[in-house]
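Novice:
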Amino acid sequence: MSEAVTMDKIVSLARRRGFVFPSSEIYGGLGSSYDYGHYGVLLKENVKARWLEAMVRERDDIVALDSSIILHPSVWEASGHVTGFADPLVDCRFCKRRYRADHIEQAECGARPSKRPGETEKCDLTEPRQFNLMFQTRIGPVEETGQDAYLRPETAQGIFVNFKNVAQIARRKPPFGIAQIGKAFRNEITPGNFIFR
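Residue numbering for the sequence shown follows the working numbering, starting at 1487 and increasing by one per position.
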């Protein structure tokens, strides 16, 4: 009888074989950040190449785009990301854990895992507050005079703002698709499941 494959076993194998490992590990690591080793890079590039082949090169109705990871702040204001791309957070003053307020019913108490946060007398939850999911930065040589900017939290906005250019240059009219492979940056409240969100 074969053993069940668990995420822990996959993570352990990926690390041992040099596919992927925690980023900045010699300094204690950084939550939800991973570096790809030699085999991980090769595997990732093969997956990307096959995806590009299947989604773009083998089709006449989809074109490719690689948009910038930093877009003009007005893009994120117009899309509602600046004011609305946030999650409500609460902290437990006792166990020092942080929870999404809208997921509190599914969470486990840090002090008593059989309970929900706030169900024990020791739990002391803060009032909910908004937690911005975008990474903010500044563009310019001097921070004080630089322009506010954000690392993109998703790849779709680059497609939307470049739609007219892509349609014109590719000589396409709707319906057609725009395919993009790229990185997105989210200031996550809780770490994801290994390299998966």
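Beta carbons: idealized from backbone N, C-alpha and C, even for Gly.
Going by beta carbon distance, what residues of the same chain come within less than 8 Å of G1504, once the five residues before and after it are set aside?
Specialist: Same-chain partners within the cutoff: G1523, H1524, Y1525 and G1526.
Novice: Between the segment 1537-1555 and the segment 1658-1675, do three or more beta carbon pairs fall short of 8 Å?
Specialist: Cβ pair count under 8 Å is three or more, so yes.
Novice: Taking 8 Å as the cut-off, does the segment 1565-1576 touch the segment 1610-1620 (at least 3 CB pairs, one atom from each stretch)?
Specialist: At 8 Å Cβ cutoff, the stretches touch.
Novice: If the criterion is Cβ atoms closer than 9 Å, does the pair V1549 and G1644 meet it?
Specialist: Contact flag unset, no.
Novice: Quick check on the DSSP output: what are the complete beta strand (DSSP E) runs of length 3 or more inside the segment 1542-1584, in order along the chain?
Specialist: As far as the segment 1542-1584 is concerned, its whole beta strand (DSSP E) runs of at least 3 residues are 1548-1550 and 1572-1577.
Novice: Return the chain-ordered list of same chain residues with a C-beta closer than 8 Å to the C-beta of K1659, the five sequence neighbours on each side being excluded.
Specialist: The residues are A1653.
Novice: For L1637, report the span of its beta strand (DSSP E) as first-last.
Specialist: Its beta strand (DSSP E) spans residues Q1633 to L1637.
Novice: With distances taken between CB atoms, is the gap from L1611 to Y1585 smaller than 9 Å?
Specialist: Cβ distance < 9 Å, so L1611 and Y1585 count as in contact.
Novice: Please report the straight-line C-alpha distance between A1642 and A1593, rounded to a whole angstrom.
Specialist: In a straight line, the C-alpha of A1642 is about 30 Å away from that of A1593.
Novice: Would H1567 and P1639 qualify as a contact pair, given that the criterion is a beta-carbon distance under 9 Å?
Specialist: Taking 9 Å as the Cβ cut-off, H1567 and P1639 qualify as a contacting pair.
Novice: Identify, in the order they occur along the chain, each residue of the same chain with its Cβ nearer than 6 Å to the Cβ of T1448, setting aside the five sequence neighbours on each side.
Specialist: Residue 1448 is absent from the structure shown; the chain starts at 1487 and stops at 1683.
Novice: Note down, in chain order, each residue of its chain lying with its Cβ closer than 8 Å to the Cβ of I1681, except the 5 sequence neighbours on either side.
Specialist: Counting only Cβ-Cβ distances below 8 Å, and skipping sequence neighbours, we find V1506 and Y1520.
Novice: For a test of the three-state rule: what should DSSP assign to N1648, helix, strand or coil?
Specialist: Here N1648 sits in coil by DSSP.
Novice: Who are the Cβ neighbours of P1603 in its own chain at under 7 Å, not counting the five residues just before and after it?
Specialist: These residues qualify, in order along the chain: C1578, Y1585, I1590, A1593, C1595, C1609 and L1611.
Novice: For the alpha helix (DSSP H) containing A1670, name the first residue and the last one.
Specialist: Unbroken run through A1670: none, as it is neither H nor E.
Novice: Where do the ends of the alpha helix (DSSP H) carrying Y1525 lie?
Specialist: It spans H1524 to L1538 - the alpha helix (DSSP H) in which Y1525 sits, taken as one unbroken run.
Novice: Could you compute how far the alpha carbon of N1532 sits from the alpha carbon of V1542?
Specialist: Roughly 15 Å separates the two Cα atoms.
Novice: Roughly how many whole angstroms lie between the Cα atoms of I1555 and F1671?
Specialist: So the alpha carbons of these two residues sit roughly 9 Å apart.
Novice: Mind checking A1500: buried by the 16 CB within 10 Å criterion, or exposed?
Specialist: Label assigned to A1500: buried.
Novice: Considering just the uninterrupted stretch of the alpha helix (DSSP H) at I1441, what are its terminal residues?
Specialist: The question about residue 1441 has no answer here: the residues shown for the chain are numbered 1487 through 1683.
Novice: Counting C-beta neighbours from all protein chains within 10 Å, is the total for S1553 16 or more, i.e. buried, or is it exposed?
Specialist: Answer is buried; the Cβ neighbour count reaches 16.
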